[in-house]
Amino acid sequence: MDVKFSHIWNVSVEEALQLQTTLSRLVDIQTPLHLDNIHLIAAIDVAYNRENTEMFGAVVLMQFPELKLLSNFVTRAPIVRPYLPGLLSFREIPAILPVLEKLSEPIDLFMCDAHGVAHPRGLGLASHLGVLFDKPSIGCAKKPLVGDFIMPGERKGSTSPIKLNDNLVGYVLRSRENVKPIYISPGHKLTPEDALRVVERCIRSYRIPEPLRVAHQMANRARRVMEGKVSGIRIETFEE
DNA sequence: GCGACAG
DNA sequence: ATCTTGTCGC
Ligand SMILES: [Mg+2]
Numbered sequence: 134m135d136v137k138f139s140h141i142w143n144v145s146v147e148e149a150l151q152l153q154t155t156l157s158r159l160v161d162i163q164t165p166l167h168l169d170n171i172h173l174i175a176a177i178d179v180a181y182n183r184e185n186t187e188m189f190g191a192v193v194l195m196q197f198p199e200l201k202l203l204s205n206f207v208t209r210a211p212i213v214r215p216y217l218p219g220l221l222s223f224r225e226i227p228a229i230l231p232v233l234e235k236l237s238e239p240i241d242l243f244m245c246d247a248h249g250v251a252h253p254r255g256l257g258l259a260s261h262l263g264v265l266f267d268k269p270s271i272g273c274a275k276k277p278l279v280g281d282f283i284m285p286g287e288r289k290g291s292t293s294p295i296k297l298n299d300n301l302v303g304y305v306l307r308s309r310e311n312v313k314p315i316y317i318s319p320g321h322k323l324t325p326e327d328a329l330r331v332v333e334r335c336i337r338s339y340r341i342p343e344p345l346r347v348a349h350q351m352a353n354r355a356r357r358v359m360e361g362k363v364s365g366i367r368i369e370t371f372e373e
């Protein structure tokens, strides 16, 4: 899979903010998505080691709408930037970029554990990734970042709009009855309603949509398996 | 100046 | 995000 736009990642905070503003002009949340043409979803998540020195990324390919796990790709990368609210994409995208560029499968849509346009400058991680690869993307976060909204009803399926400066940027969705809701916003190439529809169809029995739930598990599994190892060689330590 | 603040 | 066992409620 090739990127449409590419830019350096080791930039200063000021440059990162400027890049977001520039790239946000390319974001499209107007063009409707034809659900019938969506067959392959790539869900992405990243896990960290306890020392906060390494990231383990997972890209899970799931068949839609059957939600059948097709494949999983993992990566390992050093943490080079601290976490700053609003700049998450500059920290996590570099870790998974290598895998995505090597993928040959025809990805129809990205689902990310982050926000899309519900972001201070309209370019959350999901939007950033969507623009770079020129593909539809959805942001599905566990906590709000910006925007105004009221809590949806306690019943599964209840929703409430998220507004940012009078603009609709997403929906809060109660994916499970009496359980904290999730925050959905389009990343790129689909509308807020489309993003909500896709996520709703990805909810199986848990709060987190199946693709992201599995990606989260795979990222953590990769950490368990790989951390402590060096270039594929198992290192064992024994006490005196 | 204060509070908010994805992962 | 990560550190962690039991406990309460649906
Ligand atoms: Mg995550």
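Numbering (the numbering used here), first residue to last: 134 to 373. Where a beta carbon is used, it is the ideal one built from N, C-alpha and C, also for glycine.
Where residue i falls, given that 16 or more other Cβ within 10 Å makes a residue buried
i, result
"residue 299", "exposed"
"residue 186", "exposed"
"residue 357", "exposed"
"residue 343", "buried"
"residue 184", "exposed"
"residue 361", "exposed"
"residue 282", "buried"
"residue 224", "buried"
Beta-bridge partners of residue i, as assigned by DSSP
i, result
"residue 356", "According to DSSP, which records beta bridges pairwise, residue 356 is partnered with nothing at all."
"residue 196", "173, 201"
"residue 348", "The partner list for residue 348 (beta bridge, DSSP) is empty, contrary to what the question assumes."
"residue 178", "191"
Distance between residue j and residue i (C-alpha atoms, nearest Å)
i, j, result
"residue 284", "residue 161", "27 Å"
"residue 192", "residue 175", "6 Å"
"residue 227", "residue 141", "10 Å"
"residue 334", "residue 169", "13 Å"
"residue 286", "residue 309", "11 Å"
"residue 234", "residue 311", "40 Å"
"residue 249", "residue 256", "6 Å"
"residue 353", "residue 330", "28 Å"
"residue 216", "residue 138", "24 Å"
"residue 315", "residue 289", "11 Å"
*the region 264-271 touching the region 283-297, judged by at least three CB pairs closer than 8 Å*: no
*asked:* Within 8 Å, do at least three Cβ pairs link the region 141-159 to the region 322-331?
replied: no
_Minimum length 3: unbroken beta strand (DSSP E) runs contained in the region 289-324_ = 292-297, 300-306, 315-321
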